[in-house]
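Numbering (the numbering used here), first residue to last: 10 to 328. C-beta atoms are modelled at their ideal positions from N, C-alpha and C, and glycine is treated no differently. Report on one structure; see the data block that follows.
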Amino acid sequence: MLAAGPRRWRWRAALASALCSIVAALPAGAAAHTVTPLDLALRFQPHLLFDRGEPWRPIDVDAFLAEPGHRACSAAATGTPVCAPLTSIAQLTPAVAYLDLRGTRADGADAAAPDLQTCAKSKPALLDCDEDGRTRIYAHVTTEPTRIAIDYWWFLRYNAFLLDRHEGDWEGVTVVVDATGRRVEEVHFAAHASIWRYDDGVARLDGGRHVRVYLARGSHAAYPRACARACTQTRTLSPEGRYDGASPWVANDPATCDRRCIELLPEAQGAPASWNAWDGRWGVDLGSAFRPPLTPAFQRRYEHPFVATRSTRHRFSGL
């Protein structure tokens with residue numbers, strides 16, 4: 010989370026300076042339009058490629074939290090949680106330890122949009138509505154003197170992979186660009202407990218800007234190449250859900266996105282705000298090794314967007 014006080018204002022000044030550099034680098038006449046953090050996020054929007062069997066899609070968090078059926082739960086000293094219907098984002102205070110999301114089945118089969126039977130979706134088998142502007146990802150922009158990190162986040166209702174089953178799933182990638190906001194320098198892929206940077210040329214860019222992100226079925230871990238069989242996690246022999254990339258996100262198309270598919274994570278005066286300032290978990294915490302995620306502002310990738318673990322992996326499908 011961004012610290013309060015002078016550090017916050019140094020960050021804001023650095024961002025303003027970087028955006029001025031971007032404007033100065035634009036062709037004559039183009040600088041009349043001020044380049045904003047949202048402009049940068051749209052310019053380098055990742056192209057998400059889901060597995061053909063993936064039932065969930067990134068959703069609008071504000072609309073999600075307004076759905077009926079979620080509960081805000083406080084941890085009790087006796088071990089018995091105290092839960093109340095979630096009716097307002099204002100309920101997300103430090104007293105709320107986690108959200109009990111709508112749906113009760115352990116396989117996530119009922120972790121679905123409440124209007125699933127009538128809403129517009131790109132595939133009949135989806136458990137979420139991804140058309141008519143209903144699908145969304147979020148971005149957070151951080152600057153250093155010579156580079157800018159555009160940290161992309163997306164929320165899915167459920168994580169369902171082998172024993173790793175829990176409500177709520179925050180995933181994403183970080184695209185690091187040069188200080189002028191023109192060239193991609195690095196891409197960091199979030200996969201399970203690590204953030205990975207692969208050798209140059211492994212990640213592929215559409216149009217020189219839009220990184221292809223292959224999302225594993227069920228776990229939604231991000232990878233730079235497709236895997237059709239015998240998929241494993243990076244730097245381990247642990248199995249991974251298939252990520253064949255056969256089902257592109259509908260908002261990869263700029264006409265479908267129409268500047269609606271990306272929003273900045275909520276902030277106020279340079280600090281996390283609204284649901285992004287809540288430090289609880291997005292799902293019932295069963296105390297197992299596979300816990301529901303924290304809000305983006307309380308995760309390592311948000312706090313340190315330029316940091317990633319280097320991997321020399323080039324091959325993603327098994328023999």
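Contact belief for Val220 with Pro67 at Cβ below 8 angstroms, rounded distance in angstroms: By one-based count along the sequence shown, residue 220 stands at place 211. By one-based count along the sequence shown, residue 67 stands at place 58. The pair is not a contact, with the Cβ atoms about 16 angstroms apart (cut-off 8 angstroms).
Determine which residues share a DSSP beta bridge with Asp178 and list them. The count along the sequence shown starts at 1 and reaches residue 178 at position 169. Looking at the DSSP assignment, Asp178 forms a beta bridge with Leu165.
Can you name the start and end residues of the beta strand (DSSP E) that Phe198 belongs to? For this step, residue 198 is matched to residue 189 along the sequence shown. Residues 193-200.
So, with DSSP's three-state summary, where would you put Glu276? To locate residue 276, count along the sequence shown from 1; it is residue 267. In the structure shown, Glu276 sits in a strand (DSSP, three-state: E or B).
In angstroms with no decimal places, state the Cα-to-Cα distance between Asp288 and Ile98. In the sequence shown, counting from the first residue as 1, residue 288 sits at position 279. In the sequence shown, counting from the first residue as 1, residue 98 sits at position 89. The straight-line gap from Cα to Cα measures roughly 13 angstroms.
Using the Cα positions of Gly292 and Arg156, report the straight-line distance between them to the nearest angstrom. Along the sequence shown, one-based indexing puts residue 292 at 283. Along the sequence shown, one-based indexing puts residue 156 at 147. Roughly 35 angstroms separates the two Cα atoms.
How far does the alpha helix (DSSP H) with Asp71 in it extend, from its first residue to its last? In the sequence shown, residue 71 corresponds to position 62, counting from 1. It spans 70-74 - the alpha helix (DSSP H) in which Asp71 sits, taken as one unbroken run.
Could you tell me how far apart the beta carbons of Ala239 and Ser326 are, in whole angstroms, since I believe they sit closer than 8 angstroms? Counting from one through the sequence shown, the residue named residue 239 turns up at place 230. Counting from one through the sequence shown, the residue named residue 326 turns up at place 317. Yes, they are in contact, since the Cβ atoms of Ala239 and Ser326 sit about 6 angstroms apart, within 8 angstroms.
Could you check the C-alpha separation between Cys266 and Asp294 for me, to the nearest Å? Mapped onto the sequence shown, residue 266 falls at position 257. Mapped onto the sequence shown, residue 294 falls at position 285. Looking at the two C-alpha atoms, the distance is approximately 34 angstroms.
Ala200 versus Arg111 - alpha carbon distance: Translated into the one-based positions of the sequence shown, residue 200 becomes position 191. Translated into the one-based positions of the sequence shown, residue 111 becomes position 102. Cα to Cα, the separation comes out at about 25 angstroms.
Alpha-carbon to alpha-carbon, Ala280 and Ala93: Within the sequence shown, the letter at position 84 stands for residue 93. Within the sequence shown, the letter at position 271 stands for residue 280. Rounded to whole angstroms, Ala93 to Ala280 spans 28 angstroms at the Cα level.
Could you please give me the residues that DSSP links to Cys128 through a beta bridge? Mapped onto the sequence shown, residue 128 falls at position 119. Per DSSP, none; premise fails for Cys128.
Rounded to whole angstroms, what's the CA-CA distance from Arg319 to Val105? Just pull it up for me. What you label residue 319 is simply residue 310 of the sequence shown in a count that begins at 1. What you label residue 105 is simply residue 96 of the sequence shown in a count that begins at 1. The alpha-carbon atoms of Arg319 and Val105 are separated by roughly 36 angstroms.
Report buried or exposed for Val222, applying the criterion of at least 16 other Cβ atoms within 10 angstroms of its Cβ. Sequence index remark: in the sequence shown, residue 222 carries index 213 (1-based). So Val222 ends up on the buried side.
Taking 6 angstroms as the limit between beta carbons, can you name the residues of its chain near Ser8, skipping five residues before and five after? The question about residue 8 has no answer here: the residues shown for the chain are numbered 10 through 328.
Within a Cβ cutoff of 6 angstroms, which residues of the same chain sit near Glu312, ignoring the five residues on either side of it in sequence? Here residue 312 corresponds to residue number 303 of the sequence shown, with the count starting at 1. So the list is empty, once near-sequence residues are dropped.
Sequence-distant residues of its chain with Cβ nearer than 7 angstroms to Ala286 (five each side left out): On the sequence shown, position 277 is the one that residue 286 refers to. Counting only Cβ-Cβ distances below 7 angstroms, and skipping sequence neighbours, we find Ala306.
Based on the DSSP secondary-structure assignment, which residues constitute the bridge partners of Arg290? Here residue 290 corresponds to residue number 281 of the sequence shown, with the count starting at 1. According to DSSP, Arg290 bridges with Tyr107, Leu303.
For a test of the three-state rule: what should DSSP assign to Arg66, helix, strand or coil? Translated into the one-based positions of the sequence shown, residue 66 becomes position 57. Reduced to three states, the DSSP call for Arg66 is coil.
Identify, in the order they occur along the chain, each residue of the same chain with its Cβ nearer than 7 angstroms to the Cβ of Ala72, setting aside the five sequence neighbours on each side. For the purposes of this step, residue 72 is identified with residue 63 of the sequence shown, where counting begins at 1. Answer for Ala72: no residue qualifies.
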